[in-house]
Structures are given as C-alpha cells and as structure tokens.
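Visitor: Residue numbers (this note's numbering), protein chains in the order written: chain A, 146 to 516; chain B, 309 to 698.
Mind having a look at this structure? Questions to follow.
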Ligand SMILES: Nc1ncnc2c1ncn2[C@@H]1O[C@H](COP(=O)(O)OP(=O)(O)OP(=O)(O)O)[C@@H](O)[C@H]1O
Ligand SMILES: Nc1ncnc2c1ncn2[C@@H]1O[C@H](COP(=O)(O)OP(=O)(O)OP(=O)(O)O)[C@@H](O)[C@H]1O
Ligand code: SF4
Ligand code: SF4
Ligand SMILES: [Mg+2]
Ligand SMILES: [Mg+2]
C-alpha cells in the first residue's frame with residue numbers, strides 16, 4: 146500500500162522532478178507519475194472548462210442553469226465557487242462529473258478537459274470508470290450519498306477495489322488506513338458499523354475517505370459542511386486542507402459562506418445567475434472586488450469583530466429567473482450603479498488589474514464610471 | 309410536570325427583567341417497549357438561569373441540539389418545564405389561569421426558523437396575518453386594514469393579502485412570519501433562527517427589519533442563532549449554551565473579545581471570517597470529537613471531554629467531578645468554568661481581533677459608504693433603551 150504515499154509526493158504541485166527515494170508500487174502509479182511530470186512540463190492545467198452550458202428543459206421553459214462558463218483549475222489548487230442559492234454552483238459540479246439528471250437536464254455545449262482528457266467525448270462507461278478514480282466528490286448531505294444498508298468499511302473498500310483493482314484484503318486495509326486518516330478513532334472496529342451509527346460529522350469524514358480512496362486528482366466538494374456545526378465544520382475543513390496538501394489533490398470547493406472561501410481557497414469564482422461574474426486570487430476578490438454584486442455580498446455580512454451594528458447594507462430584490470435571460474447585465478435590476486448600457490448589452494468577463502483577475506461589469510472596465 | 313400550583317407570583321430577582329428564568333430544566337423521556345417505560349431522558353435543558361431585560365436583545369448561541377429552541381419555547385410557555393420557573397413581567401407563567409395565560413400570550417410571540425414550513429400553504433397571506441388578531445379579538449371591523457398596515461410595515465406590498473405563501477420568496481415568507489408575530493403588538497419576541505434559511509443578501513434585509521422594528525416598538529428579543537457574527541450584530545447581551553447548559557453570559561464585548569469559557573473561545577476560533585488575510589493569521593483550536601449525547605452527559609463539567617483548557621491544565625480532577633456553576637467573572641459577565649480566570653488570560657479564539665482588514669468595497673466606494681453611515685447615525689440612537697416606542 147504505497148500508492149497513496151507515492152501520489153502524495155507526485156501530486157504535490159511544488160515537485161517537478163521525482164525524488165529518488167520514491168518507489169513506485171504499481172504500473173498505474175508509474176504511468177500517473179509520467180503523465181503528471183509531462184503535464185507540468187507543458188504547464189497544463191488539471192482542469193479546463195470551456196464555454197460550458199447546461200440547461201434544464203422544463204414546462205415553463207429552458208432554464209439556463211450554467212451559461213457559457215469557462216474556468217481552469219491548476220494542479221493542487223483549491224478553487225472556490227461562491228454565490229447565492231440557485232446561481233448554478235451544484236449544476237456546474239454535476240456537469241463536471243456528467244451527472245446532470247437527464248431529462249430534464251443536458252450539457253448543451255462546451256468542453257471539459259481533465260488532465261488532458263475531454264470528458265464530454267467519453268462513452269458513459271469510460272466516464273463511469275474515470276469518475277471516482279480521477280474525481281472524488283463530497284456532497285452536502287452525506288446521509289443521502291451513503292448506502293444505509295452497507296457497512297462503512299465495505300463502502301470505502303469497494304471504491305478502492307473497483308478503481309485500483311486491489312484484492313479484497315488490500316482494499317480492506319486501505320479502508321482502515323483511510324478511516325484513521327480522516328480522523329475516525331478505532332477505525333478497524335468501526336469498519337463494521339452502518340452509516341446510522343455515525344454522527345453527521347463522522348459520516349462526512351467517511352464521504353471524504355471514499356472520495357479519497359482512489360487518490361483522485363480533483364476533489365469536488367459541494368457545500369461539504371453546510372449541514373454541520375461550526376466546531377465540526379472546522380474539523381472537516383482542516384481535514385480537507387491537510388489532505389489536499391498531503392496528496393497534492395486539487396479541490397473545487399463550493400460554498401455560500403464567504404468566510405470559508407476566504408480561509409480555504411487560493412482563487413475564487415463568483416457566480417451569479419448561471420454566469421461567472423468575477424474571478425481572481427482570493428485576496429483580490431475580498432479586497433478589491435470589481436463587480437457591484439461581489440462587494441454587495443461582502444458588505445451585507447455582519448462581522449465577528451465589529452461592534453453592535455449600524456444598518457447592514459443590503460442587495461435589494463432577488464436574483465432573476467434563469468429562463469431565457471435577456472442580453473443585459475444579469476445583475477442590472479439590483480445594481481445601484483446600473484446605467485443604460487448595462488440594460489442594453491451584457492458585459493463580458495474581461496481582465497482587471499490583479500493577477501488572473503477578471504470581472505463582468507461595464508462600470509469597472511477601464512474608463513468605466515465606477516473607479 | 310413539577311409545576312405546583314404556586315399562585316403567589318414570586319417577584320423576579322432583577323427588577324429590570326422582563327423575562328426571568330430560574331433553574332429551568334426540560335427533560336424529554338425516552339419511552340420504549342409496549343408499555344412505554346422510560347428508558348432514559350434527554351436532558352435538553354438542564355438547570356439554567358438567566359434574565360432578559362426590558363428592551364434588550366439577548367442573543368443565544370450554541371451548536372445543534374444544545375437546547376436553544378427548547379429554551380426559547382419554554383420562555384413563552386409553548387413547552388412546560390420539568391423543573392424551575394419562568395417569570396414574565398414578574399408573573400410565574402406556570403401559575404396563570406387559562407384566561408390569564410391567553411392574555412399573557414398576546415404579549416409574547418415567536419418567529420420560526422423555517423420560512424417554508426411555518427406558514428400554512430392553504431391560507432392566504434391575509435388570513436395568516438389576521439389569524440392572531442381573531443384569536444385575541446383584536447381590530448374587529450377593520451382587520452384587513454390592519455393586515456395591510458402590517459404588511460407595509462415589514463416591507464411587503466399591502467395588496468398581496470390574497471396571495472399564497474408559495475408565491476413568495478424565502479425572505480418574503482420570513483417577513484410574513486414577522487408580520488404575523490407583530491399583529492398582536494407583543495412586547496417580547498422569540499426569534500428562533502429567523503434568518504438561517506435565507507441567502508446572504510436576503511439575511512441582511514431581514515436583520516435590518518428586525519432592528520428597525522425593535523427600535524420602533526421598543527421590543528425585547530430572544531434572538532436564537534448559530535451564526536456568531538449575526539448575533540453580535542443584533543444583541544445587547546449574548547448567552548452561550550453547550551449541551552443543555554448556559555456556559556457564558558455577558559455583553560458582546562466580553563463574549564467576543566475576552567470570553568471566560570473555553571467553549572466560547574473554541575466556537576469563536578472555529579468561525580470562518582470573510583477576510584483572507586485575517587484567516588491566514590489565525591491560529592485555531594480545533595475541538596476534537598463530537599458533541600456528547602444529552603442523554604448521558606459527561607460528569608462534572610460537560611465540556612471536559614473536548615476542553616482544550618482542561619488538557620492544558622493537565623486534566624484537573626474537579627473538571628471531571630464538579631459541575632461548574634455560572635458565576636460572576638467580570639462586569640455583567642458570567643461563565644461556568646472552574647478555570648475561567650485562566651481562560652480569560654489566553655488569546656485563544658480572539659486572535660482575529662488583531663487584524664481588521666477593510667473588507668470588500670474599493671476605497672472610493674468605502675468612503676461613500678462611510679458618508680452614508682454617518683448620515684444614518686440618528687437611526688442608531690435609542691437602540692436597546694427600555695421603553696422607547698411604546
Ligand atoms: N432538476 C432540475 N430541473 C430544473 N431546474 C433545475 C434542476 N436542477 C437545478 N435546476 C435549476 O438550475 C439552477 C441552478 O441550480 P443549482 O442547484 O446549481 O444552484 P446552486 O448554486 O447549487 O444553489 P444552492 O446554493 O441552493 O445549492 C437553479 O435555477 C435551479 O432551479
Ligand atoms: N420533543 C422532543 N422530544 C425528545 N427530544 C427532544 C424534543 N425536542 C428536542 N429534543 C432534544 O432536545 C435537545 C435540544 O433540542 P433543541 O431543539 O432545543 O436544540 P437546538 O439548540 O435548538 O438545536 P438546533 O440548533 O439544531 O435547532 C436535542 O437533543 C433534541 O434532540
Ligand atoms: S454592468 Fe452595470 S449593472 Fe452590471 S454590475 Fe456593472 S454597473 Fe452594475
Ligand atoms: S471547568 Fe474545566 S473542563 Fe470545564 S470548561 Fe473549565 S477548564 Fe474546561
Ligand atoms: Mg447547490
Ligand atoms: Mg433550534
């Protein structure tokens with residue numbers, strides 16, 4: 146069971162050459178290592194999403210849930226996806242794994258290139274094999290994603306067996322190892338327990354163990370702590386952070402909690418009404434956001450370190466529905482800075498001063514009226 | 309139900325208190341078998357005492373299952389205590405006759421967490437809001453005028469009386485719940501997680517509304533929430549609960565800047581702050597393990613199984629054997645820890661204070677906000693002052 150150890154060093158974004166003391170246990174590991182080194186030589190991204198659009202065909206009309214979204218994830222990076230309810234965060238995650246419920250949903254266009262492979266070109270069988278192997282996921286509600294009739298140990302081992310082709314015994318060993326890695330005490334005894342015998346926080350740990358069973362390159366975490374208490378949330382976030390550092394796993398962290406994004410992510414995408422409206426390094430997003438929606442969100446939060454408050458600033462109104470959006474800035478009905486141009490043509494995601502910083506706003510473009 | 313017919317209402321201890329809670333216990337029996345024998349008890353609320361002063365907002369925080377909702381419901385007698393007393397305006401709630409209780413109920417209302425489940429989907433907004441008026445025989449004759457007035461008060465279109473709850477967004481539904489609570493002109497409102505189910509930008513709208521109404525009508529709130537930033541924003545004092553116990557009580561500056569209970573410090577240290585620079589500088593205490601079950605709470609101090617201070621002090625015996633009482637540790641500041649003085653000396657959980665990065669808004673906009681805040685200052689006066697408004 147040295148595979149995970151190998152990957153831990155290979156996957157780390159800081160390492161370009163293989164250290165000499167690394168023994169590569171499997172053929173698979175060797176192939177991965179070569180591929181990783183090759184990718185890094187060519188400065189490839191782990192994930193490139195280009196012009197992704199996912200729609201739901203409902204009785205009321207076509208819901209443009211994810212609308213022409215492009216972004217990248219570097220090897221080993223943690224990217225945040227933030228935004229309010231219904232803005233398309235989960236549908237983006239489902240699209241990346243090709244798990245959009247169909248009907249009524251469908252990826253209508255775009256490319257998703259993971260580690261050089263175009264996912265939308267794979268057969269569903271190929272996709273099934275790749276899922277869980279290269280991408281691990283953690284969802285908001287661990288109870289619905291664990292099978293209540295199977296033991297915890299079986300569910301983790303099964304994943305390792307299927308994707309790593311380990312023997313039953315090795316897979317069980319790996320499951321024990323993973324369980325203790327995610328902080329479950331007496332892991333060997335707890336292998337035989339069923340999900341209902343675990344608390345919410347422990348079930349989420351189990352989900353993380355399953356997600357990591359195959360050393361994925363990308364961990365997709367959709368609101369992984371929303372259902373948990375704040376002290377348990379801190380445990381889980383710490384776990385995700387340390388595991389991603391240890392294994393060099395890249396993470397896409399979906400959250401509506403801007404505090405979590407601030408603490409966990411290197412880069413952040415802000416979504417609004419199916420679009421990415423701002424993207425940038427975490428410091429730039431929080432200190433010099435370039436889009437009235439992003440700073441409206443930040444302004445509307447009460448602060449832990451502020452005295453009993455004056456009025457909070459609010460964003461009036463509601464997000465638009467996503468059926469047949471017009472060619473306008475989707476935030477314009479709620480934006481206090483809106484001008485005529487905002488209602489006549491939708492702005493593009495264009496570069497701003499900071500590193501990899503871009504925003505979708507006429508007002509903050511060079512020469513715009515918000516400076 | 310141990311509530312003896314104690315007709316002579318004992319006087320409240322704190323003369324400024326509107327609500328006075330004394331040694332409140334609420335236990336739920338766990339019944340099993342055909343004969344429904346008691347196999348154990350959930351000690352949901354286990355001997356807590358505090359007061360809510362007239363015109364103040366008391367925030368109540370703590371993790372899921374620690375007993376916040378159960379406490380809140382007991383304060384307005386939606387739940388009967390297993391032991392202990394709740395006084396409202398000097399009257400023991402358990403001693404009231406039916407008629408007296410009904411009249412008393414007019415003075416106390418509740419706003420629920422779930423804006424979806426708490427409104428009857430088959431009733432129009434008009435009938436939802438006017439229902440309490442009917443129950444209490446108020447504004448007969450011009451009830452619909454009163455309903456329209458209430459809707460306008462909470463920022464909804466007064467012409468929406470014939471609409472149904474599903475036609476409204478979450479934030480709007482929460483406003484309907486607030487209008488319903490306000491209909492009978494209560495003095496005291498239990499707000500049980502009123503904004504937890506809402507989106508960030510909508511949360512701020514509802515929070516502002518609650519603050520405005522408080523100032524307009526001189527309301528007293530018990531504000532239950534698990535979001536510590538929100539509680540700081542709205543509260544005059546804050547209580548922290550852990551596993552059925554009130555472990556700390558005091559003004560926000562005490563609770564957030566020099567907490568005397570290790571659990572409060574752990575909670576603060578766990579809250580994510582929307583500020584990447586501050587986040588990078590933070591040192592967290594990560595509590596290990598889960599919250600224990602309220603059926604078999606740990607002996608002595610209930611927090612000792614997860615307490616970082618207990619570990620640092622070399623596991624002192626009295627933490628395991630003696631339940632620490634809630635005691636005075638500073639000005640209007642109480643904590644239930646044998647070693648509160650040591651907790652006060654540490655900087656665990658308050659490191660975020662060193663670093664106040666200006667968040668969000670670009671500089672020019674910040675200046676504009678500053679100006680707007682200046683202009684809005686009069687709004688703040690009278691906050692929390694007893695007897696403003698009515
Ligand atoms: N099965 C479906 N049928 C129709 N519309 C759907 C379906 N699933 C999602 N949508 C729509 O797609 C849009 C994006 O939804 P998504 O779940 O991605 O939001 P989200 O950003 O994850 O929100 P939340 O924070 O509430 O989880 C929403 O408008 C939603 O109504
Ligand atoms: N009717 C009931 N019967 C049995 N147990 C109950 C009942 N109501 C609450 N409890 C238990 O009492 C404890 C306290 O519950 P309560 O709802 O007061 O917690 P809370 O602090 O409001 O939690 P949350 O933040 O999840 O709302 C919990 O362990 C809960 O399971
Ligand atoms: S484009 Fe116009 S309406 Fe849209 S966010 Fe910018 S200023 Fe506001
Ligand atoms: S009494 Fe002991 S165990 Fe309890 S909080 Fe204080 S130090 Fe910790
Ligand atoms: Mg979602
Ligand atoms: Mg509750």
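Glycine is no exception: its CB is placed at the ideal position from the N, C-alpha and C atoms.
Would you say the beta carbon of residue 371 of chain A is closer than 8 Å to some non-hydrogen atom of ligand 2?
Guide: Not under cutoff, so the answer is no.
Visitor: Tell me the residue span of the alpha helix (DSSP H) that contains residue 314 of chain A.
Guide: Element bounds for residue 314 of chain A: 313-326.
Visitor: Does the beta-carbon distance from residue 417 of chain B to residue 489 of chain B come in below 9 Å?
Guide: yes
Visitor: Verify the CB distance criterion: does residue 518 of chain A have a CB-CB separation below 9 Å to chain B?
Guide: Examination of residue 518 of chain A is not possible in this model, given that chain A is present from 146 through 516 alone.
Visitor: Using 10 angstroms around the beta-carbon of residue 516 of chain B, count the other beta-carbons present and answer buried if the total reaches 16, otherwise exposed.
Guide: Buried is the label assigned to residue 516 of chain B, since at least 16 other Cβ atoms lie within 10 Å of its Cβ.
Visitor: Could you check what DSSP says for residue 426 of chain B in three-state terms: helix, strand or coil?
Guide: coil
Visitor: Who are the Cβ neighbours of residue 361 of chain A in its own chain at under 8 Å, not counting the five residues just before and after it?
Guide: 277, 278, 279, 280, 281, 394
Visitor: Could you tell me the alpha carbon to alpha carbon distance between residue 625 of chain B and residue 609 of chain B, rounded to whole angstroms?
Guide: 10 Å
Visitor: Is the distance from the Cβ of residue 595 of chain B to the Cβ of residue 651 of chain B below 9 Å?
Guide: No; because the gap between Cβ atoms is not below 9 Å, this pair is not in contact.
Visitor: Taking CB distances under 9 Å as the criterion, tell me whether residue 580 of chain B reaches chain A.
Guide: yes
Visitor: For residue 476 of chain A, would you say it is in contact with chain B, using Cβ-to-Cβ distances shorter than 9 Å as the test?
Guide: Chain B contact via Cβ: absent.
Visitor: Compute the Euclidean distance between the alpha carbons of residue 639 of chain B and residue 531 of chain B, then round it to the nearest angstrom.
Guide: 22 Å
Visitor: Using Cβ-Cβ distances below 7 Å, what residues of the segment 183-217 of chain A are close to chain B?
Guide: Those residues of the segment 183-217 of chain A that come within reach of chain B (Cβ to Cβ, closer than 7 Å) do not exist; the list is empty.
Visitor: Taking only beta-carbon positions, decide if residue 542 of chain B is within less than 9 Å of chain A.
Guide: Contact with chain A is found for residue 542 of chain B, since one of that chain's Cβ atoms lies less than 9 Å from the residue's Cβ.
Visitor: Write down the C-beta distance between residue 579 of chain B and residue 537 of chain B rounded to the nearest angstrom, noting that I regard them as a contact closer than 8 Å.
Guide: 7 Å
Visitor: Taking 8 Å as the cut-off, is the C-beta of residue 497 of chain A nearer than that to any heavy atom in ligand 3?
Guide: If you check the C-beta of residue 497 of chain A against ligand 3, you find no heavy atom less than 8 Å away.
Visitor: Is it the case that the Cβ atoms of residue 373 of chain A and residue 405 of chain A are separated by a distance below 9 Å?
Guide: no
Visitor: Quick one: measure Cβ to Cβ for residue 423 of chain A and residue 436 of chain A, integer angstroms, because I've assumed they're closer than 8 Å.
Guide: 4 Å
Visitor: Along chain A, which residues have their Cβ under 8 Å away from the Cβ of residue 279 of chain B?
Guide: The shown model of chain B, from 309 to 698, leaves out residue 279 of chain B, and the question about it has no answer.
Visitor: Taking Cβ-Cβ distances shorter than 8 Å, what residues in chain B pair up with residue 401 of chain A?
Guide: Residue 401 of chain A reaches chain B at 507, 508, counting residues in chain order whose Cβ is nearer than 8 Å.
Visitor: Which residues mark the beginning and the end of the beta strand (DSSP E) in which residue 385 of chain A is found?
Guide: That residue, residue 385 of chain A, is in no beta strand (DSSP E); its alpha helix (DSSP H) goes 375-392.
Visitor: When the cut-off is 9 Å and only beta carbons count, does residue 595 of chain B lie next to chain A?
Guide: yes
Visitor: Expressed to the nearest angstrom, what Euclidean distance is found between the alpha-carbon atoms of residue 497 of chain A and residue 510 of chain A?
Guide: 8 Å
Visitor: Whose CA, out of B:586, B:350, B:477, B:340, lies closest to the CA of residue 334 of chain B?
Guide: B:350
Visitor: Under the rule that 16 or more other beta-carbon atoms within 10 Å means buried, what is residue 331 of chain B, buried or exposed?
Guide: exposed
Visitor: For residue 429 of chain B, which residues from the same chain have a beta carbon less than 8 Å from its beta carbon, with the 5 sequence-adjacent residues on both sides left out?
Guide: 472, 473, 474
Visitor: Is it the case that the Cβ atoms of residue 237 of chain A and residue 199 of chain A are separated by a distance below 9 Å?
Guide: A distance below 9 Å separates the beta carbons of residue 237 of chain A and residue 199 of chain A.
Visitor: Per DSSP, residue 214 of chain A forms a beta bridge with which residues?
Guide: A:197
Visitor: Quick one: residues with CB closer than 7 Å to any heavy atom of ligand 6, in chain order, please.
Guide: Any heavy atom of ligand 6 within less than 7 Å of a residue's beta carbon puts that residue on the list, which reads B:376, B:377, B:421, B:500, B:501, B:532.
Visitor: Return the residues of the segment 366-380 of chain B that lie within a Cβ-Cβ distance of less than 7 Å from chain A, sorted by chain order.
Guide: Of all residues in the segment 366-380 of chain B, 371, 372 have a Cβ within less than 7 Å of some Cβ in chain A.
Visitor: Classify residue 508 of chain A: buried if its beta carbon has 16 or more other beta carbons within 10 angstroms, exposed otherwise.
Guide: buried
Visitor: Just how far apart, CA to CA, sit residue 415 of chain A and residue 260 of chain A?
Guide: Taking C-alpha positions only, residue 415 of chain A is separated from residue 260 of chain A by approximately 24 Å.
Visitor: If you follow the alpha helix (DSSP H) that residue 557 of chain B is in, where does it begin and where does it stop?
Guide: First-last for residue 557 of chain B: 553-558, but that is the beta strand (DSSP E), not the alpha helix (DSSP H).
Visitor: Mapping the DSSP letters down to three states, classify residue 597 of chain B as helix, strand or coil.
Guide: coil
Visitor: Have a look at B:615, B:581, B:551, B:557 and flag the residue whose alpha-carbon is nearest the alpha-carbon of residue 604 of chain B.
Guide: B:551
Visitor: Consult DSSP for residue 408 of chain A and reduce its assignment to one of helix, strand or coil.
Guide: helix
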